[in-house]
Amino acid sequence: MTGMEKITYRPARDEFAYTFGGRMPVAHLRSGDVLEVFTEDCFGGLVRGPGDLPSQVCGMPYLNPVSGPFFVEDAEPGDTLAIHLASITPARDWGVSSTFPHFGALTSTSHTATLQPPLEERVWVYGIDRQAGIVRFQATETDHTAELPLEAMIGTIGVAPGGMEARSTIVPDTHGGNLDTPQLRAGTTLYLGVRVHGAMLALGDGHARQGNGEACGVGVEIATTTTLALEVIKGVPTVWPRLETDTAIMSIGCARPLEDAYRIAHHDMVGWVASLTGLEALDAYQLVSQAGRAPIGNVCDPNYTVLAAVDKALLPSPEAAYGGVHGRLRHLARRVA
Numbered sequence: 048m049t050g051m052e053k054i055t056y057r058p059a060r061d062e063f064a065y066t067f068g069g070r071m072p073v074a075h076l077r078s079g080d081v082l083e084v085f086t087e088d089c090f091g092g093l094v095r096g097p098g099d100l101p102s103q104v105c106g107m108p109y110l111n112p113v114s115g116p117f118f119v120e121d122a123e124p125g126d127t128l129a130i131h132l133a134s135i136t137p138a139r140d141w142g143v144s145s146t147f148p149h150f151g152a153l154t155s156t157s158h159t160a161t162l163q164p165p166l167e168e169r170v171w172v173y174g175i176d177r178q179a180g181i182v183r184f185q186a187t188e189t190d191h192t193a194e195l196p197l198e199a200m201i202g203t204i205g206v207a208p209g210g211m212e213a214r215s216t217i218v219p220d221t222h223g224g225n226l227d228t229p230q231l232r233a234g235t236t237l238y239l240g241v242r243v244h245g246a247m248l249a250l251g252d253g254h255a256r257q258g259n260g261e262a263c264g265v266g267v268e269i270a271t272t273t274t275l276a277l278e279v280i281k282g283v284p285t286v287w288p289r290l291e292t293d294t295a296i297m298s299i300g301c302a303r304p305l306e307d308a309y310r311i312a313h314h315d316m317v318g319w320v321a322s323l324t325g326l327e328a329l330d331a332y333q334l335v336s337q338a339g340r341a342p343i344g345n346v347c348d349p350n351y352t353v354l355a356a357v358d359k360a361l362l363p364s365p366e367a368a369y370g371g372v373h374g375r376l377r378h379l380a381r382r383v384a
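Following the numbering used here, the numbering of the sequence shown begins with 48 at its first residue and continues without gaps.
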């Protein structure tokens, strides 16, 4: 690592990006830097109450803004960019969620066409108590309330795809993007394969919390102040996004249908376990089959997201993933912050 500098970035209203790729960088970072960045919610902060229906206050395609992209010095195709999420703090004391016509897991869509009327568009406003760590649900048609744990996460984070592509920030794929998994929380390190010179990292779409699957298509959407630490891992490719925590490793697959996303994630996990432990491929397959977990990220985006997760404690004498970068970045973020 060569950086070890803390950079703070807050985009102006017109500086948000809506694609991965096809944008000039807003700032330059180096391996070892710590970045503190403001991110806006998926509605660009325009949905603030029940009367702010997204279809009326938001204009397509200007949904799901991300902060960036950030050019990472020395990052080249064939490298891996490690991004440690040190902290994710809600920037406001409220968040919003919604339902949309023809969007979400339990309604008809343009590709799953049925004759029933479109789902009603409705907005829910959640109070966020950062000190107590609580997100407050309030039903719109009754007086029912519920206090849910505040589990802030980043819904969208990625690098530029290769092949001169520009991908909408709503799409998850090999470059990252709208992964929408609650596992992208503070304390997690994300590994992304670099596909263009400088990687071009961008992130946004914070959620105060989200259930696995994001059934209605919308989490508790929030603006955040997010702090992350970076390291470029030279000459080590990463085909699909991977995650590491203190206790587990996870592979991410993005595709439709859902079973293909499952297959991608578990194919990658079996190979990763074998390479870290020296287990033969079918032995690794058997261990993942019996000890693994498969949390679903989303079932509503243009691609669905499924994870394959295995606890490190169940692996036989595993080598440190990517040379121990998770531990290094966790320590760096604490020291620099």
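In this text, a Cβ means the ideal position worked out from N, Cα and C, and glycines have one as well.
| Is the region 263-281 touching the region 114-132 in the sense that three or more CB pairs, one from each, lie closer than 8 Å? | yes
| said: Quick check on the burial criterion: 16 or more other C-beta atoms within 10 angstroms. Buried or exposed for A64? | reply: buried
| said: If contact is defined by three or more beta carbon pairs under 8 Å, each pair taking one atom from either stretch, is the region 229-237 in contact with the region 288-299? | reply: yes
| request: Would you grab the beta carbon distance between I299 and L354 for me? Rounded to a whole angstrom, and I think it's under 8 Å. | output: 5 Å
| request: Note down, in chain order, each residue of its chain lying with its Cβ closer than 7 Å to the Cβ of Y309, except the 5 sequence neighbours on either side. | output: G300, A341, V353
| message | I'd like to confirm the pairing. Which residues does DSSP put opposite L195 in its beta bridges? | response | V182
| query | Who are W171's beta bridge partners in DSSP? | reply | S144
| field | Helix, strand or coil at G98 [DSSP, three-state] | value | coil
| Considering only the beta carbon of each residue, do P208 and F90 sit closer than 8 Å? | no
| task | Measure from the alpha carbon of E120 to the alpha carbon of each residue in G245, T228, V286, then state which is nearest. | result | G245
| message | Measuring only the C-alpha atoms, how far is G106 from T285? | response | 35 Å
| query | From N350 to V182, what distance separates their C-alpha atoms? | reply | 28 Å
| Ends of the beta strand (DSSP E) at S134? | 127-137
| Short Cβ contact (8 Å threshold) for I201 with G223 | no
| query | Do three or more CB pairs link the region 128-144 to the region 268-277 at distances below 8 Å? | reply | yes
| query | Roughly how many whole angstroms lie between the Cα atoms of L82 and A160? | reply | 44 Å
| In angstroms, rounded to a whole number, what distance separates the CA positions of D61 and R70? | 13 Å
| Can you tell me whether DSSP reads T159 as helix, strand or coil? | coil
| request: Over the uninterrupted alpha helix (DSSP H) stretch that includes Y309, give me the two end residues. | output: 305-324
| query | Residues in its own chain within less than 6 Å of R52 by CB, not counting five upstream and five downstream? | reply | The sequence given here has Glu at residue 52, not Arg. So the qualifying residues of the chain are D80.
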